[in-house]
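Protein chains in written order, with the numbering used here: chain C, 10 to 133; chain Z, 10 to 133.
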């Protein structure tokens, strides 16, 4: 852990800039950095993700974990041992190096937050 | 960052054990560990916090940061430069070493997630 300086911040999700993620294999995924490097957060970063109906994140793996909380909608987490359904108010842990994909199987948008250790960023 | 092993997990907030936090200066605060050491999460931990109407977390400081997302209710974040109001869907960053307190000023329960770097735990 690095000790860090920064400014206390209270800011609505909707007031953060939203950008499509530029990863091959993703469809209909927008991301907002809620707490990140610009805030002085040096240990881990909180991102907000919106996946349109029928959309999905890349089916991929990396050497760091995800900690996720589903805020709205429903879908499946594709894993090597099968699809794991999820819905709002589910907490999800994806260990480092596990293949994974978030798929929106609902009728409306899927929204979740997804945290990663700094300075990793699988959205680029 | 430590590379880690663990098991993929999808589990509802409500299915996690809820315990009062045992910190002096807290009133009406329950905490659930959503993603923590038992899951193999070695870099940061996700906790779910419920503060009853009229309740508050301790007014304190520590050498690590908080990353918070308000899920339900409203309140104020007490800081050295004044009270900062917050409501559901606000993202909050509390830098290391800043004095802070979460106060529920609404009529119902306040719920948020609060992440900390591992292995810190300000709930004990």
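Where is the CB? At the ideal position from N, CA and C, for every residue including glycine.
Distance between residue j and residue i (C-alpha atoms, nearest Å)
{"i": "residue 49 of chain Z", "j": "residue 19 of chain Z", "result": "14 Å"}
{"i": "residue 118 of chain C", "j": "residue 81 of chain C", "result": "7 Å"}
{"i": "residue 40 of chain C", "j": "residue 77 of chain Z", "result": "17 Å"}
{"i": "residue 31 of chain Z", "j": "residue 99 of chain Z", "result": "26 Å"}
{"i": "residue 133 of chain C", "j": "residue 70 of chain Z", "result": "Only weak support is given to the placement of residue 133 of chain C: the predicted model assigns it a pLDDT of 47, under 50, and the value that follows is read from those uncertain coordinates. About 35 Å."}
{"i": "residue 103 of chain Z", "j": "residue 42 of chain Z", "result": "19 Å"}
{"i": "residue 113 of chain C", "j": "residue 101 of chain Z", "result": "27 Å"}
{"i": "residue 92 of chain C", "j": "residue 67 of chain C", "result": "15 Å"}
{"i": "residue 37 of chain Z", "j": "residue 21 of chain C", "result": "25 Å"}
{"i": "residue 65 of chain Z", "j": "residue 87 of chain C", "result": "39 Å"}
{"i": "residue 79 of chain C", "j": "residue 29 of chain Z", "result": "24 Å"}
For residue i, three-class secondary structure by DSSP
{"i": "residue 101 of chain Z", "result": "strand"}
{"i": "residue 135 of chain C", "result": "Because chain C here runs from 10 to 133, residue 135 of chain C falls outside it and cannot be looked at."}
{"i": "residue 11 of chain C", "result": "With a pLDDT of 40 at residue 11 of chain C, under the threshold of 50, the predicted position of this residue should be treated as unreliable, though the coordinate-derived value follows. Of the three classes helix, strand and coil, the one that applies to residue 11 of chain C here is coil, per DSSP."}
{"i": "residue 29 of chain Z", "result": "strand"}
{"i": "residue 126 of chain C", "result": "strand"}
{"i": "residue 62 of chain Z", "result": "strand"}
{"i": "residue 50 of chain C", "result": "coil"}
{"i": "residue 21 of chain C", "result": "strand"}
{"i": "residue 108 of chain Z", "result": "coil"}
{"i": "residue 34 of chain C", "result": "coil"}
{"i": "residue 75 of chain Z", "result": "strand"}
Buried/exposed call for residue i, threshold 16 Cβ in 10 Å
{"i": "residue 51 of chain C", "result": "buried"}
{"i": "residue 27 of chain C", "result": "exposed"}
{"i": "residue 107 of chain C", "result": "buried"}
{"i": "residue 109 of chain C", "result": "buried"}
{"i": "residue 54 of chain Z", "result": "buried"}
{"i": "residue 74 of chain Z", "result": "buried"}
{"i": "residue 33 of chain Z", "result": "exposed"}
Member of the options whose CA lies at the smallest distance from the CA of residue i
{"i": "residue 46 of chain C", "options": "C:36, C:24, C:15, C:63", "result": "C:15"}
{"i": "residue 63 of chain C", "options": "C:96, C:22, C:42, C:83", "result": "C:83"}
{"i": "residue 116 of chain C", "options": "C:125, C:61, C:122", "result": "C:61"}
{"i": "residue 57 of chain Z", "options": "Z:127, Z:128, Z:123", "result": "Z:123"}
{"i": "residue 7 of chain C", "options": "C:79, C:94, C:72", "result": "The requested residue 7 of chain C is not part of the displayed model; chain C covers only 10 to 133."}
{"i": "residue 105 of chain Z", "options": "Z:120, Z:125, Z:90, Z:111", "result": "Z:125"}
{"i": "residue 23 of chain Z", "options": "C:111, C:97, C:25, C:121", "result": "C:97"}
Please list, in chain order, the residues of the stretch 78 to 98 of chain C that have any C-beta partner in chain B closer than 7 Å. As a matter of chain content, chain B is missing from the structure shown, whose protein chains are C and Z.
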